[in-house]
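Below is one structure, written out as structure tokens; the observations come after it.
Residue numbers (my numbering): 1256 to 1756.
Below is the structure:
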């Protein structure tokens, strides 16, 4: 509910649910947020026509079906009407100062009635039902244009948008790249999720920095030699069989070629600025990466790699994904001392080893392997997430040094007893197969991670009690030591019982 609205107020956000009947009397209001209020009709907003100084109006995520009652807002610069039920662009002709217009997530089928918005710099029409790009000739100041998730089959009628820097036409039905030659300032082109089979007609886009072509039907990397400023090339999930024609792409920092038909890593030696690399899906050997010394992220998941090797020069590597391969041994990682994330799930690894130099590791995923014992992790003091699900582990052990651990996944193993977690005070997310646990342990597990840690502390103390009892029987240890320990154990036990699920 609106409270204490003064006549000089410049910004107002209404945060209650229900019909908006009268919002303000301040004629000086410059920003008004009416998002998420269930508004069905803009006419419900009384006094809106008097807010002639308004520059920003948020009406997103309502139930508005018609654009109307805005003609007096001649100073409006930002209008947000996303996620409504609007089917037609209309009644905007007076808003000649408008710079940003958001109409995404509506039911619009046609681009129309925008000819007076000559100052428009950003137009958001994504997630509608638009089938044709048209009626944009007057929008010569447009810099950002988003039309993803529509029904567009052809790129056309963009010739006058010479100041365009960003265009998103992803998730449409486009089969050919064309009619972009006038967009000489374009720095980002998004054409993912279409029906494109060939990269072409990009020669004039010499300022292009980002090219997104994921999820298409492209079989060959070609016709990008003029794109010498390109920093990001995204061709994930296509039909590319060979890495080629990247000689001029020396500024590339990100290259994504995962889920393709690539069988060999090659022709990357000129990409010395590369920081992120993803390749797949039929690679059998890690090779030809030694020149990529700036690489921080390497994804070779989902290939046919059987051996970890030839990574020693990648000393800046922070993220390594070798999941879903045929690797049987963890090895040759000792030089990767900056590594923070190592993903090896879905391989044939039977032993955790050769990780002691990876002291900066924060995430380790060894799920879906053949591991039977948790060991050799004591040097990984910064580890926060450890994934070991779907292995052959029968006992929780050797984790006491991992005091920063927050996530531990151990489900789909053979663990029947909760133990060895007493030092993991940061643990938040723990998964086990509760159906396999002993009855008492199952009850503790159902109460959450705090109860689990408390239980492990208690069990640990009981073991100490038993050990001291044996010492008393054999060496005459003072009874006072035993009494102190017993008292502490009883205190912890009370705390455990007080923890509710």
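No residue lacks a Cβ here, since even glycine has one placed at the ideal position from N, Cα and C.
Supposed contact pair residue j and residue i - C-beta distance, whole angstroms, cut 8 angstroms
| i | j | result |
| --- | --- | --- |
| residue 1459 | residue 1480 | Their Cβ separation, rounded to whole angstroms, is 13 angstroms, which puts residue 1459 and residue 1480 out of contact at 8 angstroms. |
| residue 1470 | residue 1442 | Not really, about 22 angstroms apart at Cβ, beyond 8 angstroms. |
| residue 1634 | residue 1611 | 4 angstroms |
| residue 1488 | residue 1499 | At roughly 12 angstroms, the Cβ-Cβ gap does not stay under 8 angstroms, so residue 1488 and residue 1499 are not in contact. |
| residue 1371 | residue 1395 | Their Cβ separation, rounded to whole angstroms, is 13 angstroms, which puts residue 1371 and residue 1395 out of contact at 8 angstroms. |
| residue 1517 | residue 1497 | 7 angstroms |
| residue 1352 | residue 1384 | Wrong, their Cβ atoms sit about 29 angstroms apart, outside the cutoff. |
| residue 1626 | residue 1649 | Incorrect: roughly 11 angstroms between the Cβ atoms, too far for contact. |
| residue 1593 | residue 1617 | Not quite, the Cβ-Cβ distance comes to about 11 angstroms (not below 8 angstroms), so this is no contact. |
| residue 1506 | residue 1483 | 7 angstroms |
| residue 1681 | residue 1658 | 7 angstroms |
| residue 1343 | residue 1366 | About 11 angstroms; that fails the 8 angstroms criterion. |
Same chain, Cβ closer than 7 angstroms to residue i, five either side skipped, listed in chain order
| i | result |
| --- | --- |
| residue 1434 | 1410, 1411 and 1413 |
| residue 1327 | 1304 and 1307 |
| residue 1309 | 1284, 1285, 1287, 1328, 1330 and 1331 |
Assigned exposure category for residue i - 16 Cβ within 10 Å defines buried
| i | result |
| --- | --- |
| residue 1381 | buried |
| residue 1706 | buried |
| residue 1690 | exposed |
| residue 1623 | buried |
| residue 1738 | exposed |
| residue 1608 | exposed |
| residue 1213 | Residue numbering for the chain in the displayed model covers 1256 to 1756; residue 1213 lies beyond these limits and cannot be assessed. |
| residue 1293 | exposed |
| residue 1693 | exposed |
| residue 1684 | exposed |
| residue 1714 | buried |
| residue 1721 | exposed |
| residue 1742 | exposed |
| residue 1695 | exposed |
| residue 1530 | buried |
| residue 1432 | buried |
| residue 1677 | buried |
| residue 1735 | exposed |
| residue 1564 | exposed |
| residue 1379 | buried |
Of the listed residues the options, nearest to residue i (C-alpha basis)
| i | options | result |
| --- | --- | --- |
| residue 1688 | 1493, 1288 and 1666 | 1666 |
| residue 1619 | 1631, 1678 and 1596 | 1596 |
| residue 1312 | 1318, 1345 and 1355 | 1355 |
| residue 1576 | 1605, 1554 and 1393 | 1554 |
| residue 1404 | 1447, 1638 and 1348 | 1447 |
| residue 1407 | 1670, 1423 and 1418 | 1423 |
| residue 1324 | 1339, 1310, 1742 and 1345 | 1345 |
| residue 1467 | 1426, 1501 and 1502 | 1426 |
| residue 1476 | 1501, 1526, 1485 and 1457 | 1501 |
| residue 1337 | 1401, 1391, 1373 and 1388 | 1401 |
| residue 1369 | 1386, 1393 and 1377 | 1393 |
| residue 1348 | 1339, 1375 and 1522 | 1375 |
| residue 1536 | 1602, 1632 and 1579 | 1579 |
| residue 1454 | 1494, 1386 and 1317 | 1494 |
| residue 1444 | 1350, 1428 and 1399 | 1399 |
| residue 1440 | 1679, 1430, 1456 and 1418 | 1418 |
| residue 1450 | 1428, 1641 and 1697 | 1428 |
| residue 1704 | 1663, 1718 and 1386 | 1663 |
| residue 1758 | 1397, 1391 and 1632 | Any answer about residue 1758 is impossible in this case: the structure gives the chain only from 1256 up to 1756. |
Cβ neighbours of residue i in the same chain (closer than 8 angstroms, five flanking residues each side left out)
| i | result |
| --- | --- |
| residue 1276 | Because the pLDDT of residue 1276 is 48, which lies under 50, any placement of that residue in the model is unreliable, and the question is left without a value. |
| residue 1524 | 1543 and 1546 |
| residue 1341 | 1319, 1320, 1321, 1322, 1358, 1361, 1362 and 1363 |
| residue 1652 | 1628, 1629, 1630, 1674 and 1675 |
| residue 1699 | 1673, 1706, 1707, 1710 and 1751 |
| residue 1570 | 1548, 1590, 1591, 1592 and 1593 |
| residue 1297 | 1303, 1314, 1319, 1321, 1322, 1323, 1324 and 1325 |
| residue 1538 | 1517, 1518, 1519, 1520, 1555, 1558, 1559 and 1560 |
| residue 1670 | 1648, 1649, 1650, 1651, 1687, 1688, 1691 and 1692 |
| residue 1550 | 1529, 1530, 1531, 1532, 1544, 1569, 1571 and 1572 |
| residue 1295 | 1317, 1318, 1319 and 1320 |
| residue 1636 | 1614, 1656, 1657, 1658 and 1659 |
| residue 1464 | 1442, 1443, 1484, 1485, 1486 and 1487 |
Close Cβ partners of residue i (< 6 angstroms) along its chain, the five nearest in sequence each way excluded
| i | result |
| --- | --- |
| residue 1561 | 1581 |
| residue 1621 | 1599 and 1643 |
| residue 1511 | 1489, 1491 and 1533 |
| residue 1756 | The predicted position of residue 1756 is uncertain, since its pLDDT is 43 and thus under 50; a value taken from the coordinates is nonetheless stated next. Excluding positions up to five away in sequence, the list reads 1701 and 1702. |
| residue 1646 | 1624, 1626 and 1668 |
| residue 1339 | 1317, 1319 and 1361 |
| residue 1583 | 1603 |
Neighbour flag for residue i against chain B, beta carbons, 7 angstroms
| i | result |
| --- | --- |
| residue 1555 | The displayed structure is made up of one protein chain only, and chain B is not part of it. |
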